[in-house]
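A.B. asks: Next up is a structure, given as structure tokens.
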Amino acid sequence: MNFAQKVDALRSVIRYQLIPLISDSYVFLDLPYYTNIGDALIWEGTETFLSSLPAKCLYRCSCQTFSYRPLPKDTTILLQGGGNFGDIWRRHQDFRLKVIKLYPNNKIVILPQTIYYKNDKQMLSDAALMMKHPDLHICARDQRSYRLLEAYFVNCGRLLLPDMAFCIPRDRLVSSLVRSTGKNLYLKRNDIEFLEDDCRQYIREPVEIRDWPTMEIIPLSAKMLNLFIKLSLNRLSDNWALYLKRLLIHEGVRFITSYDKIYTTRLHVAILSILLGKPFVFFDNSYGKNSSFYLSWLSDLDEIKFIW
Numbered sequence: 061m062n063f064a065q066k067v068d069a070l071r072s073v074i075r076y077q078l079i080p081l082i083s084d085s086y087v088f089l090d091l092p093y094y095t096n097i098g099d100a101l102i103w104e105g106t107e108t109f110l111s112s113l114p115a116k117c118l119y120r121c122s123c124q125t126f127s128y129r130p131l132p133k134d135t136t137i138l139l140q141g142g143g144n145f146g147d148i149w150r151r152h153q154d155f156r157l158k159v160i161k162l163y164p165n166n167k168i169v170i171l172p173q174t175i176y177y178k179n180d181k182q183m184l185s186d187a188a189l190m191m192k193h194p195d196l197h198i199c200a201r202d203q204r205s206y207r208l209l210e211a212y213f214v215n216c217g218r219l220l221l222p223d224m225a226f227c228i229p230r231d232r233l234v235s236s237l238v239r240s241t242g243k244n245l246y247l248k249r250n251d252i253e254f255l256e257d258d259c260r261q262y263i264r265e266p267v268e269i270r271d272w273p274t275m276e277i278i279p280l281s282a283k284m285l286n287l288f289i290k291l292s293l294n295r296l297s298d299n300w301a302l303y304l305k306r307l308l309i310h311e312g313v314r315f316i317t318s319y320d321k322i323y324t325t326r327l328h329v330a331i332l333s334i335l336l337g338k339p340f341v342f343f344d345n346s347y348g349k350n351s352s353f354y355l356s357w358l359s360d361l362d363e364i365k366f367i368w
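Residue numbers (the working numbering): 61 to 368.
Next comes the structure, spelled out in structure tokens:
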């Protein structure tokens, strides 16, 4: 299976399983108002998917700009997907629990997430709170996460879906393409998810060692957004974040296409490479997120080499 066929297949999985869960109106919460290009890609893919539906978006916001407002009972609450379900990136999980408590009468859908807990007691506590909601549906982004849902989140609706970034059409990315510099990239994430292993032993040619460029140098537009949030200018923040999302995706595409060969420890460098048709070498993160996703969805692609 080639990259284009894989993307089409994954989009079909998303549409088949997710469309029946979304009512005539929805709100979209926990949007990523920060500089991680991967989360911006998830957001963009989700918006692309939602724009193909007849459903109406009542509002969208981040966990920072959220304020409670009553919702019609037939409105679906969508929570952004990603890799922050668990106890590593706790702010987002706490926000999900808050929304679940505030809206006991609305259907809630947590979009595709990798689920990981270091602390089993925390997982059991979260599961107990979440299972109190009568209409909560959790989408797992890989088979290992899905097995956790089956074992511990037994009263919730459970789905196995790929990452929402696969819904981004290629024609939305091509305007940002640049000519390759002939250099090679080792994308080494510089946060708590980095696996302390000598990946360089598997790299045989000279490489530039980088993280996402917007993680290395925060763009002025992101600093402006942080200021608006700090000043509680929520409506301005929500509108400005849409501009920042476009900028982040543009920078991500330019960054990836400027290199010949790619080695990556970030999942969304891998996903963006697939969307752009670029082969790559894939390393795991600290808790098996990348390997679980690869085994769940990508292992039949010959143009990916996963290093175990």
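Even glycine gets a Cβ: it sits at the ideal position worked out from N, Cα and C. Being a predicted model, the structure only gives us computed values, none of them experimental.
#1: CA-CA distance, residue 354 and residue 251?
#2: Report all residues from its chain with a CB closer than 6 angstroms to the CB of residue 365; omit the five preceding and five following residues, and keep chain order.
#3: Would you tell me roughly how many angstroms separate the C-alpha atoms of residue 81 and residue 112, rounded to the nearest one?
#4: If you run the structure through DSSP and keep just helix, strand and coil, what is residue 104?
#5: Hey, residue 166 and residue 137: beta-carbon distance below 8 angstroms or not?
#6: Would the beta-carbon of residue 277 fall within 8 angstroms of that of residue 97?
#7: Give the single residue among 305, 194, 288 and 128 whose Cα lies nearest to the Cα of residue 297.
#8: Alpha carbon to alpha carbon, how far is residue 109 from residue 171?
#9: On the criterion of 16 or more Cβ atoms from any shown chain inside 10 Å, does residue 301 qualify as buried, or is it exposed?
#10: Alpha carbons only, please: which of 189, 118 and 248 is nearest the one belonging to residue 130?
#11: Pull up the distance between the alpha-carbon of residue 79 and that of residue 282, whole angstroms please.
#12: Taking the alpha carbon of residue 216 as the point to measure from, which residue in 169, 360 and 85 has its own alpha carbon closest?
#13: Assuming contact is defined by CB atoms lying nearer than 8 angstroms, are residue 227 and residue 324 in contact in what I supplied?
#14: Kindly list the residues whose CB is nearer than 6 angstroms to the CB of residue 205, restricted to its own chain and excluding five residues on each side of it in sequence; keep chain order.
#15: Quick one: grab the DSSP three-state call for residue 8.
#16: Return the residue from the list 179, 235, 357 and 87 that minimises the CA-CA distance to residue 314.
#17: Taking all protein chains shown into account, decide if residue 127 is buried (16 or more other Cβ within 10 angstroms of its Cβ) or exposed.
#18: Count the other C-beta atoms from every protein chain shown that fall within 10 angstroms of the C-beta of residue 66, then say buried if there are 16 or more, exposed otherwise.
#19: Do the CB positions of residue 102 and residue 141 come within less than 8 angstroms of each other?
#20: Between residue 244 and residue 180, how many whole angstroms is the CB-CB distance? I'm expecting something under 8 angstroms.
#21: Confirm, please, whether the CB-CB distance from residue 255 to residue 144 is below 8 angstroms.
#22: Do residue 93 and residue 291 have their C-beta atoms within less than 8 angstroms of each other?
#23: If you reduce the DSSP assignment to three classes, tell me which class residue 115 lands in.
#24: Check the C-beta distance from residue 212 over to residue 184 and give it rounded, since I have them as a contact under 8 angstroms.
#25: If residue 327 and residue 305 are in contact, beta carbons under 8 angstroms, what's the gap, nearest whole angstrom?
C.D. replies: Taking the definition as stated:
#1: Against the sequence shown, residue 354 aligns to sequence position 294. Against the sequence shown, residue 251 aligns to sequence position 191. Those two C-alpha atoms are separated by around 21 angstroms.
#2: Residue numbering aside, residue 365 sits at position 305 when the sequence shown is read from its first letter. Correct list, in chain order: 341.
#3: Translated into positions along the sequence shown, residue 81 becomes position 21. Translated into positions along the sequence shown, residue 112 becomes position 52. Looking at the two C-alpha atoms, the distance is approximately 14 angstroms.
#4: Counting from one through the sequence shown, the residue named residue 104 turns up at place 44. Residue 104: helix per DSSP, three-state reduction.
#5: One-based indexing of the sequence shown puts residue 166 at position 106. One-based indexing of the sequence shown puts residue 137 at position 77. It is a contact, given that the beta carbons lie within the stated cut-off.
#6: As a position in the sequence shown, residue 277 is number 217, starting the count at 1. As a position in the sequence shown, residue 97 is number 37, starting the count at 1. Against a cut-off of 8 angstroms, the Cβ pair of residue 97 and residue 277 comes out as no contact.
#7: Walking along the sequence shown from the start, residue 297 turns up at place 237. Of the listed residues, the one whose Cα sits closest to residue 297 is 288.
#8: On the sequence shown, position 49 is the one that residue 109 refers to. On the sequence shown, position 111 is the one that residue 171 refers to. One Cα belongs to residue 109, the other to residue 171, and the distance between them is close to 12 angstroms.
#9: On the sequence shown, residue 301 is found 241 positions in, with the first residue counted as 1. The residue in question, residue 301, is buried, as its Cβ has 16 or more Cβ neighbours within 10 Å.
#10: The residue you call residue 130 lines up with position 70 of the sequence shown. Among 189, 118 and 248, the Cα nearest to that of residue 130 belongs to 118.
#11: As a position in the sequence shown, residue 79 is number 19, starting the count at 1. As a position in the sequence shown, residue 282 is number 222, starting the count at 1. Whole-angstrom Cα-Cα distance: 32 angstroms.
#12: For the purposes of this step, residue 216 is taken as residue 156 along the sequence shown, with counting starting at 1. Comparing Cα positions, the closest option is 169.
#13: Residue numbering aside, residue 227 sits at position 167 when the sequence shown is read from its first letter. Residue numbering aside, residue 324 sits at position 264 when the sequence shown is read from its first letter. It is not a contact, given that the beta carbons lie outside the stated cut-off.
#14: Sequence index remark: in the sequence shown, residue 205 carries index 145 (1-based). When the five nearest sequence neighbours on each side are left out, the beta carbons in the same chain lying within less than 6 angstroms of the beta carbon of residue 205 are those of 174 and 175, in order along the chain.
#15: Missing from the structure shown is residue 8; the chain here goes from 61 to 368 and no further.
#16: The residue labelled residue 314 in the question sits at position 254 within the sequence shown. Among 179, 235, 357 and 87, the Cα nearest to that of residue 314 is on 235.
#17: Numbered from 1 along the sequence shown, position 67 holds the residue referred to as residue 127. Classified as exposed, residue 127 has fewer than 16 neighbouring CB atoms from the shown chains inside 10 Å of its CB.
#18: Here residue 66 corresponds to residue number 6 of the sequence shown, with the count starting at 1. Counting every other CB atom within 10 Å of its CB across the protein chains shown gives residue 66 a total of 16 or more, marking it as buried.
#19: Within the sequence shown, the letter at position 42 stands for residue 102. Within the sequence shown, the letter at position 81 stands for residue 141. Contact flag set, yes.
#20: Counting from one through the sequence shown, the residue named residue 244 turns up at place 184. Counting from one through the sequence shown, the residue named residue 180 turns up at place 120. About 41 angstroms; that fails the 8 angstroms criterion.
#21: Locating residue 144 in the sequence shown gives position 84, counting from the first residue. Locating residue 255 in the sequence shown gives position 195, counting from the first residue. No. Outside cutoff.
#22: Taking the first residue of the sequence shown as position 1, residue 93 is located at position 33. Taking the first residue of the sequence shown as position 1, residue 291 is located at position 231. Contact: no.
#23: To locate residue 115, count along the sequence shown from 1; it is residue 55. Coil at residue 115, not helix or strand.
#24: Residue numbering aside, residue 212 sits at position 152 when the sequence shown is read from its first letter. Residue numbering aside, residue 184 sits at position 124 when the sequence shown is read from its first letter. Separation of the CB atoms of residue 212 and residue 184 is rounded to 7 angstroms, and the pair is thereby assigned contact status at 8 angstroms.
#25: Position 267 of the sequence shown, counted from the start, is the residue given in the question as residue 327. Position 245 of the sequence shown, counted from the start, is the residue given in the question as residue 305. Contact doesn't hold; Cβ gap of about 18 angstroms is too wide.
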